[in-house]
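Enquirer: Encoded as structure tokens, here's the structure I'll be asking about.
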Amino acid sequence: MINLLPLFPVISLAGAFLIPLIGRNKKGVSDAITFICTLALFGLSIVSLFISKEKSLLVYSIGGWKPPLGICFVLDGLSAFMLVTLNIVSFLIAIYSISYMEKYTDKYKFYSLFMLMVAGMNGVILTGDIFNLFVFLEIASVASYALVAYGTEEEELEAAFKYAVMGTIASSFILLGIGLLYAYTSTLNMADLSGVIVAKGGGLLLPFVTVLFIAGFGIKSALVPFHAWLPDAHPSAPASISAMLSGVLIKILGIYSLSRILFNVFGVNKFTLLVLMVLGAISLLIGVFLAIGQWDFKRLLAYHSISQVGYIVLAIGLGTPLGILAGLFHLFNHSVFKSLLFLNSGAVEYATGTRDLKAMGGLRQRMPITATTSWIASMAISGVPPFNGFWSKLIIIIACVQSGRIGFAIVAVVGSILTLASFMKVQKYAFFGGLNKKFENIKEVPFCMQLSMYLFAIICIFAAVLLIPRISAYFINPAQEALLSGHRYAVMVLGGGKL
């Protein structure tokens, strides 16, 4: 079972290598390789849930060098939760891309970069070494820079350049923080780092490094005021990549990495949690206010990514068991409904050639599947029952009230109301009303795109079952317990998975 862990980055990297090698001149080969690799990763991630439930924590020592001497991969409840979230989204997006990416040249290059990005994210989730986390983070980031520029038009290149500059600044903050930690502790293993910090204390260094990490990972997750790159990058990228960026990349490179370090390596304090709550609340409101005035479909969705990330960070910042559970559940839910919304926008642009909501109208008549799945995703992100977003937002509000943070609860409610108003605009201008005459001859998108949107919509409808105790005991609860365990993570990793 331990040997399962390296398969996640290995399968992804193998796919990235094989696609240009054997899929360059043969139509459909790159589609098949990507489909097989992402399906295998999804299957392995489901298996990891059961393993983490049974074993609590697994440690794979690369080269037989046990931590803290060697690099290791660590599987616990949080890792398994993030692996499932990443790999279900990447699998469904791979299906969508079979038809969607036909309009681009050199499709195999897209798939190779796509698998490289997936490899980086799988590595970030599993690594137990903080410098190795940085390396995998850079692999995913560099691949995403190239994918944002994939269309090679002026808009895409400008957005990719801006994204790369901001991403490099973020990486510099993170690398500086890692260097300072190494100088202070003489170790890069996260469990060992945690033990040294407990033994020696953080002194004045730890607050400074915490600021560096909040800034660096805050840029990666597009928290306000670190969000400037996202509204340009998301609309410019192909819809498949917009869905990956918003659905999983900003959460894994930003929220997951920051949460893992703050909770399991540094150990959180009240001030750090307050900073997270404030940043989350500000992002929540500013993101939704900026979204309401947008008429570019994908840019509107991009601003909502900032807002919904705010919900997640606010909930995790509460630091309570219910708050962390709510934040993690909303992280999964947002990965699903925001990926679906970006795929919907891609389907609309694929059929109509425009992202301007004012130029649309009545598309439900010609694109019923896209319209129906878009309505489901819109209700989910707005927190309308019985869709998945309602349950996670409700628990976030209850967690705020339970911890005495009434003001933050009100902010969460206001954000949800404004989100609903924003998506009512989308539905009205894009799918309802009279059909624009120039779209009378358009038709629904190809089957693979429809299938992916259908499957995402089904998850939006039925994701509430994940809160059923018997199911949550394998999925959300172990992830919640992993964050709440704090420095106990270090004891288990250095003890080979045993207390």
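Here this note's numbering is used: the first residue of the sequence shown is 655, the next is one more, and so on.
Cβ coordinates follow ideal geometry from the N, Cα and C atoms, glycine included.
(1) Does the stretch 1100-1113 come within contact of the stretch 736-750, defined as at least 3 CB pairs closer than 8 Å?
(2) On the CB-based measure, 16 or more other CB atoms within 10 Å of its CB, does M1078 come out buried or exposed?
(3) Rounded to a whole number of angstroms, what is the C-alpha to C-alpha distance between L1153 and V1145?
(4) Does the separation of the CB atoms of F951 and S999 fall below 8 Å?
(5) Could you tell me how far apart the beta carbons of L933 and I970 are, in whole angstroms, since I believe they sit closer than 8 Å?
(6) With a CB to CB cut of under 6 Å and the five nearest residues on each side skipped, what residues in its chain are close to T688?
(7) Would you mind reading off the limits of the beta strand (DSSP E) that contains V728?
(8) Going by beta-carbon coordinates alone, are I793 and A814 separated by less than 8 Å?
(9) Which residues mark the beginning and the end of the alpha helix (DSSP H) in which S795 is found?
(10) When you compare only the Cα positions, how much space is there between Q1081 and I1071?
(11) Is the beta carbon of Y804 closer than 8 Å to that of M1103?
(12) Here's a check: name, in chain order, each residue in its chain whose Cβ is nearer than 7 Å to the Cβ of L859, leaving out the five neighbours to either side.
(13) Output yes or no for whether 8 Å exceeds the beta carbon distance between G1015 and G1087.
(14) What does DSSP give as the partner residues of T781 in its beta bridges?
(15) Report the rounded CA-to-CA distance for P892 versus L801, giving the unit in angstroms.
(16) Can you tell me whether T759 is buried or exposed? The criterion is at least 16 other CB atoms within 10 Å of its CB, across all chains shown.
(17) Out of curiosity, what's the CA-to-CA distance linking M1033 and G717?
(18) Could you say which of L938, L830, A956 lies nearest to F862 if we only look at CA atoms?
(19) Near L1105, what residues of its chain come up, given a Cβ to Cβ distance below 7 Å and the 5 sequence neighbours on each side ignored?
(20) Can you tell me where the alpha helix (DSSP H) holding L712 begins and where it ends?
(21) Give the DSSP-derived three-state secondary structure of D760 in the structure shown.
(22) Comparing C-alpha positions only, which one of W719, M771, M736 sits nearest to S666?
(23) Check for me: the alpha helix (DSSP H) holding W1029 runs from which residue to which?
(24) Reducing DSSP to helix, strand and coil, say where N843 ends up.
(25) Select from L658, S1057, W1045 the residue whose C-alpha is nearest the C-alpha of K924.
Expert: Working from what's here:
(1) Judged by Cβ distances under 8 Å, the stretch 1100-1113 makes contact with the stretch 736-750, as three or more pairs qualify.
(2) By the Cβ neighbour-count rule, M1078 is exposed, with fewer than 16 other Cβ atoms within 10 Å of its own.
(3) Because the pLDDT at L1153 is just 45, under 50, the model does not fix this residue reliably, and the value given afterwards should be weighed accordingly. Inter-residue distance for L1153 and V1145 is about 6 Å (C-alpha atoms, whole angstroms).
(4) Yes. Within cutoff.
(5) Separation of the CB atoms of L933 and I970 is rounded to 11 Å, and the pair is thereby denied contact status at 8 Å.
(6) Result list for T688: A748, Y765, in chain order.
(7) V728 -> beta strand (DSSP E) spans 726-729.
(8) Between I793 and A814, the CB-CB gap reaches or exceeds 8 Å.
(9) Where S795 is concerned, the enclosing alpha helix (DSSP H) starts and stops at 784-802.
(10) One C-alpha to the other measures close to 15 Å.
(11) Cβ atoms of M1103 and Y804: not closer than 8 Å.
(12) Result list for L859: L834, Y838, in chain order.
(13) The answer is yes: Cβ separation under 8 Å.
(14) Under DSSP, the beta-bridge partners assigned to T781 are F727.
(15) Spanning the alpha carbons of P892 and L801 requires a straight line of approximately 8 Å.
(16) T759 is exposed by the Cβ-count criterion.
(17) Separation of M1033 and G717 (C-alpha to C-alpha, rounded to the nearest whole angstrom) is 49 Å.
(18) Nearest C-alpha to F862: L830.
(19) I749, listed in sequence order.
(20) Premise fails: L712 lies in the beta strand (DSSP E), 712-715, not in any alpha helix (DSSP H).
(21) Secondary structure at D760: coil, using DSSP grouped into helix, strand and coil.
(22) The shortest Cα separation from S666 among W719, M771, M736 belongs to M771.
(23) First-last of the alpha helix (DSSP H) with W1029: 1022-1036.
(24) Note: N843 maps to strand in three-state DSSP.
(25) Here the closest residue by C-alpha is S1057.
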